[in-house]
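Peer 1: Protein chains in written order, with the numbering used here: chain A, 601 to 877; chain B, 319 to 1085; chain C, 235 to 388.
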Amino acid sequence: MLTNIKKWYRPHTIDEALSLMKKGEVIPYLGGTGFLHGKTVKASAFIDMRGLKLNFVEQTDSGVYIGAGRKFSDIGKCQCTDGRVILRDAIKQAASTPLRNLITIGGSLAMMPAWSNIVTPLLALDAKVEILGTVAGTYEIEDYIRQKPLDGTSLIHRVFIPLVPGNGVYYRFGKTRFDYSDLDIGVYLEIKDDLIGKARIVIGNIFPKAKRLHNVEDYLVGKTTGEIQLVEYFQKHNIFPTKTSSKLSEYWKNIIHVHINRAIKEIEEKFQQEKNQ
Amino acid sequence: MKTVGKSVKKIDSLSLSTGRMKFYDDYSFPDEAYIKMLFSPHAHAKILSIDTSQAEKIDGVIDILHFKNVPRILHTTAGQGFPEPSPYDAVMFDNIMRFVGDRVAAVLAETPAIAIEAISRIKVEYEILEAVFDYEKSMDKGTTVLHSEKDKKYPIPIPYYPEKNIAAEVNIDIGNLEQGIVESDYRFEETFYTHYGAHAMLEPHGVVTYLDENNRLVIITATQVPFHVRRICAMVLQIPIKKIRVIKPRIGGGFGGKQEVFLEYVAGLFTLRTGRPAKIVYTRAEVFQSSRTRHPMRVTIRSGLNKNGQIHALGIEALMNTGAYGSHALTVLSNGGSKVLPLTNKVPHQRFAGTTVYTNLPVGGAYRGYGATQSYFAVGQVMDMMARKIDLDVLDFYKQNTIKVGESSPIFEKLGEGKEGVKMIVDSCGLEECIDLGAKEIGWNSKRNKRIINGTRARGVGMVCLMQGSGIPRIDMGAAYMKMNEDGSFNLDIGATDIGTGSDTILGQIAAETLGVDIEDIIVLSSDTDQTPFDVGAYASSTTFISGEAVRKCALKIKEEIFKVASEMANIPIEKLELKNKQVIWTGGKLDFKDICIYALYTNNQLQIQATASNIADVSPPPFSAHFAEVEVDTATGEFSIVKYVAAVDCGTAINPKLAEGQVEGAVVNGLCWALTEEYKFNENGKMVNADFGRYKIFTAADLPDLKTILVPTYEPSGPYGAKSVSEIAINGPGPAIANAIYDAVGIRIHSLPLTAEKIYEKLKQK
Amino acid sequence: MKVKLNINNHDKLLEIHPGETLLETLRNNNFKGVKCGCGTGDCGACLVILNEDAVNSCQVLTASIDGESVTTIEGIGSMDKPHLIQEELVKAGAVQCGYCTPGIVISAYTLLKKNQNPTDDEIKAALDGNLCRCTGYVKILDGIKNAVKRMSAK
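(1) Rounded to a whole number of angstroms, what is the C-alpha to C-alpha distance between C:LYS383 and C:THR353?
(2) In the DSSP assignment, find the alpha helix (DSSP H) that holds B:VAL641 and state where it starts and stops.
(3) Quick check on the burial criterion: 16 or more other C-beta atoms within 10 angstroms. Buried or exposed for A:HIS612?
(4) Quick one: Cα of A:GLU740 to Cα of C:LYS236, how far?
(5) Strictly under 7 Å for the Cβ-Cβ distance: is C:CYS272 near chain B by that measure?
(6) Taking buried to mean at least 16 other C-beta atoms within 10 Å of its own C-beta, is B:PHE400 buried or exposed?
(7) According to DSSP, is A:SER662 helix, strand or coil?
(8) Can you list, in chain order, the residues of its chain whose CB lies under 6 Å from that of B:GLU508, leaving out five sequence neighbours each side?
(9) Count the other CB atoms within 10 Å of the CB of B:PRO477; is the residue buried (16 or more) or exposed (fewer)?
(10) Looking at the structure shown, is B:PRO940 part of a helix, part of a strand, or coil, going by DSSP?
(11) Give the residues of chain E in contact with B:PHE357, contact being defined as C-beta atoms less than 8 Å apart.
(12) Helix, strand or coil, according to DSSP, for B:ILE1066 in the structure here?
(13) Can you tell me the Cβ-Cβ gap for A:ILE731 and A:ILE756, rounded? I've got them flagged as a contact below 8 Å.
(14) Counting only beta-carbon separations shorter than 7 Å, does B:GLU751 have a partner in chain C?
(15) Taking only three categories from DSSP, how would you classify B:LYS657?
(16) Taking DSSP's pairing of strands, which residues face B:GLU487 in a bridge?
(17) For C:VAL329 and chain A, any beta-carbon pair shorter than 7 Å?
(18) Using only the alpha-carbon positions, how far apart do B:ILE382 and C:LYS348 sit?
(19) According to a CB-to-CB cut-off of less than 7 Å, which residues of the region 419-452 of chain B neighbour chain A?
(20) I need the straight-line Cα distance from B:TYR1014 to A:ILE627, nearest angstrom please.
(21) Examine chain A for any beta-carbon lying closer than 7 Å to the beta-carbon of C:PRO336, and answer yes or no.
(22) Helix, strand or coil, according to DSSP, for B:SER335 in the structure here?
(23) Going by DSSP, what residue range makes up the beta strand (DSSP E) through A:PRO628?
(24) Does DSSP classify B:TYR688 as helix, strand or coil?
(25) Exposed or buried, B:ASN889, counting other C-beta atoms within 10 Å across all chains shown (16 or more means buried)?
(26) For C:CYS277, which option in C:LEU365, C:ASN262 and C:ILE250 has the closest C-alpha, if you only look at C-alpha atoms?
(27) Going by DSSP, what residue range makes up the alpha helix (DSSP H) through B:CYS551?
(28) How would you write the range of the alpha helix (DSSP H) that A:PHE773 sits in, first residue to last?
(29) Is there contact here, the region 936-948 of chain B with the region 965-973 of chain B, by at least three beta-carbon pairs under 8 Å?
(30) For B:ARG627, I'd like the list of residues in its chain whose CB is within less than 7 Å of its CB, leaving aside the five on either flank, ordered along the chain.
(31) For B:GLU467 and B:LYS441, I'd like the C-alpha separation in whole angstroms.
(32) Would DSSP call C:ALA381 helix, strand or coil?
(33) Can you check whether the CB of B:MET519 is closer than 7 Å to the CB of B:GLY570?
(34) In chain B, which residues lie with their C-beta within 8 Å of the C-beta of C:ASN364?
(35) What residue ranges within the region 942-1029 of chain B form continuous alpha helix (DSSP H) runs of no fewer than 4 residues, ordered along the chain?
(36) If I'm right that B:PRO940 touches B:MET785 with Cβ under 8 Å, what's the distance once you round it to whole angstroms?
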């Protein structure tokens, strides 16, 4: 029971919703799972977003748009074989089956609750977040995480995933299948003629949100898979930002090293299989 | 046997699965009001002042309770027999707060929301006191004392030194441990740590109370111990027992967590003061922090082993943390010896030395396994170490050293519950068969000591042998009442408390078997203090064994009553009568049950065919079990998984095999979660920081490893139809079995729970 | 405020608090088979079917589903006419305390609606939101597998 909620608005357009938000103390309600954890919500009214029909998916030549209201369970059904498997696999492992029937991609990005593992795959896929309202604009996912632009009078409209012809893997580490993950890893690679063209390596949930390991990516790009000596690389380079690395136990550092290495091998095998077919 | 030994459907299961059966929160009454508690944010503090005036002003607030307006009646919240073997160190509301989650005040209001609002308006001024969180330091000189009031004491003579934070002590010796260790060829000393654990029953604690038409206090409560609830409430509320009726509805699991009496009298007092029905439902966070937990324990094993494989000395030294109050402080501790040492009964030199201490942390209590779980984590690993030391297969080591039929253990007699135990000979033991069948199922011979490696992954197998008890001898009593109806059906009224275990069904089966009728002909009513006879309740693995025998005796008496009436009707001597197919038969004639009952009720010398019986036991026959685990460890990271788990159990006759298996499977998975994924995490102020199922993790079906249960039938002559207990024993296995399997896989030993990848990684690195 | 819900195939006009959860609404309206085990979406005792999907009713505000359809455990089967999933859970010995059972039935029911022939792993995965502390899940999985067999035999 959220006792301070007094009213519901049920707009039919995004403009209507945005003008309602300007009244203050009014929060858009999508899946709703971020609100009911025993804490009070600083709002007196919710906006029922169902009328805005934000649960769409739109495929274009340059990529795919996912509406903010699209539920995890629907995104998890994606029949993709390219880099989008990272997003699909992440979402299939998020929370539980009944919660995935409620959680939306927009809600998860807006609230970023402890259990959200949406950021890691979106970083690995170089996604963009489109926001409407007072801070309207298209935000690179890295900027979105850094800036936290949502200001109470803006809302996420859709998420753009560019074409990701390469391949990827997503790993998640928790105590049980349905757990807030202690750590997740997303790795996206494009390999052509054994040469790594693009690399995006992401570790998440161990930091406040998630982070791309640009230095590791730079090391990988341009090398053949046979040349990579990640074990040695990790021994030589501290890939962790100084601020949090002190909190990170040797155990977790090792998990990250071992599994990034395994991820790359796994992707390489996927490319080999494709080549052989 | 017609009904016993058959997996008849649990009699309430269809109603439960369609959502019909009622739990306490499903009862609502007109004019019902709601209770919320204010809990201490400090681990140790004195309340200097409490001001409820702002809360009272809120429209809809009916009443507020706190230490200034309730009587100070010392009691224990442990729902045990009387007088309880637990210290009287608790009061309903106190001015000293002893852990984060101790209760400051309670509000009764028209709605839960108003009660929550009122709680936030109560102003409390605290004097913060020094707190002790490390139970290994509780007894140190100069440490803050939790219970300094002079009137705190046990109701029975037990060593109790609250001025040193000592809540209980147990010391027993068989032979001379020191001498035994010196004499041995090999000596061992190992220390292990077990951690807190939540019962995590799905239904939160709660109660609803009201005054009936005669102004008697009715308590509908989620309890394992309805008769103890009545007794403790009468004491704390200072009203006669005759003014209280306790009704147990369906209960959403207990595991020991509902063997505690701490909410019923709060709701009861509100109802007595206001005349209003009062309901309290703990939130899940409140259940985690403010109900009861598994006592953490440090267990040091010192043992001596001879080259011929005989254990020559075995000592268990236990330090137990009971948290802020001493609920079950003595008996959980002593069970760490009494349910463990008799397994290796032939050791000439044995010791159990235990101390329970207070800390400013959540309160320990009864929890399935009850001290044995903690102790087996240590003993089960040392058994593995000893067998390895002399290159003996641990299976043979167990067979050589464990108790056999016809044997006894001096521990049975020396170590009881709050007093000495009872002499006892083991009359049934299927342990060797458990070992053999379990070993075959896990593939022991092809896997043990083989370190099967695949890339960075290594596999290993480990095992442990276990025992428990069946009720508390000469203390636990269960009673049954039966009467016959004119359609040939029978009412069975029992004090025994079905908390989801299926005891209503099992006791119904025992009655049906004895009378040769179907389970459908037995109408079971359990646990209503006005309507059923006494029973201690659902704990100590007692119900099937103790209450089950009461039911069998009662049904035998009913049979005699039926024969008497039939004899009169047919004018045939009783000796010539037999029961068959709901008829009384004799050579040349028969009478239907229903005609016998109609005759008895309406025709001649009218009477009710009825009987009652009570049962106590002189013995507590142990069930035995062998558990096996196969694990796979990733040597690059320490991550590991359970490949397969096997539990072979001798519970005597399984009255209902599927329900018995269910007890084993439930206990194994409960033990797996506790050993692997569950953990109470506290901040520096002693507050639990993961008090929800989102962060305190137990398995779902998606985490379930391949799990196989094997029931090994034996016949226990002292139990009903050969039965002994099954509910607790299996929770003791996962911790030691998995730790032993990890050792088999990668050669490292983990001395503390939970068993985590991080601990394995650290040890692998050191290697 | 007032909302319209179709509950177990009956249209209902309900007076609710705007901040009320679906779990509260259902229990207040006597659908007591829907249980509360945690209130945080972590245990699955409160599962109901929203339109066609299982959801945690403690995580849904009733006002947010105005006009939609809800099926509770009371709408799946009754004592007189149990659903075969309920029958098979009973037969398998999968019901101990029974507090989680309505939620388990809802998970199994929605799974079998969408996938008549699930693999063992798919059944386990479909139950990843249901906690049960009594059974250890073995008999629950047995019961659901038997229900699958019975359904495919039909």
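Quick reminder that beta carbons are idealized off the backbone N, C-alpha and C, glycines included.
Peer 2: In this structure, then:
(1) Spanning the two alpha carbons is a distance of roughly 11 Å.
(2) Reading off the sequence shown, one finds Gly at residue 641 of chain B, where the question assumed Val. Not the alpha helix (DSSP H): B:GLY641 falls in the beta strand (DSSP E), residues 629-641.
(3) A:HIS612 counts as exposed, since fewer than 16 other C-beta atoms from the protein chains shown sit within 10 angstroms of its C-beta.
(4) Straight across, the Cα-Cα distance linking A:GLU740 with C:LYS236 is about 42 Å.
(5) Cβ-Cβ to chain B under 7 Å: yes for C:CYS272.
(6) Answer is exposed; the Cβ neighbour count stays below 16.
(7) Reduced to three states, the DSSP call for A:SER662 is coil.
(8) Around B:GLU508: ILE619 and VAL700.
(9) Its Cβ having fewer than 16 others within 10 Å, B:PRO477 is exposed.
(10) Reduced to three states, the DSSP call for B:PRO940 is coil.
(11) In the structure shown, chain E does not exist; the protein chains are A, B and C.
(12) Three-state result, B:ILE1066: coil.
(13) With a Cβ gap of about 6 Å, A:ILE731 and A:ILE756 count as contacting.
(14) Taking Cβ atoms only, chain C never reaches closer than 7 Å to B:GLU751, which makes this a no.
(15) Assignment of B:LYS657 by DSSP, reduced to helix, strand and coil, places it in the coil class.
(16) Partner(s): B:THR673.
(17) At a cut-off of 7 Å between beta carbons, C:VAL329 makes no contact with chain A.
(18) CA-to-CA, the gap between B:ILE382 and C:LYS348 works out to about 52 Å.
(19) Residues of the region 419-452 of chain B with a C-beta less than 7 Å from any C-beta of chain A: ALA431, listed in chain order.
(20) Their Cα atoms are separated by approximately 30 Å.
(21) Not one chain A Cβ lies under 7 Å of C:PRO336.
(22) Assigned with DSSP and collapsed to three states, B:SER335 falls in helix.
(23) Its beta strand (DSSP E) spans residues 626-629.
(24) Reduced to three states, the DSSP call for B:TYR688 is coil.
(25) Within a 10 Å sphere around the beta-carbon of B:ASN889 sit fewer than 16 other beta-carbons, which makes this residue exposed.
(26) By alpha-carbon distance to C:CYS277, the top candidate from C:LEU365, C:ASN262 and C:ILE250 is C:LEU365.
(27) Segment 544-555, the alpha helix (DSSP H) holding B:CYS551.
(28) No alpha helix (DSSP H) contains A:PHE773, which is instead part of the beta strand (DSSP E) from 767-773.
(29) Yes, they touch.
(30) Note on identity: in this sequence residue 627 of chain B is Gly, with Arg being the wrong assignment. Cβ within range, chain order: ILE708, LEU710, PHE715 and GLN718.
(31) If you take the alpha carbons of B:GLU467 and B:LYS441, they lie about 25 Å apart.
(32) C:ALA381 carries a helical assignment under DSSP once its states are collapsed to helix, strand and coil.
(33) In this structure, B:MET519 lies closer than 7 Å to B:GLY570 by Cβ.
(34) Residues of chain B passing the Cβ test: THR1018 and ALA1019.
(35) Listed in chain order, they are 975-994.
(36) Between B:PRO940 and B:MET785 a beta carbon distance of about 4 Å is seen, short of the 8 Å cut, so the two are scored as contacting.
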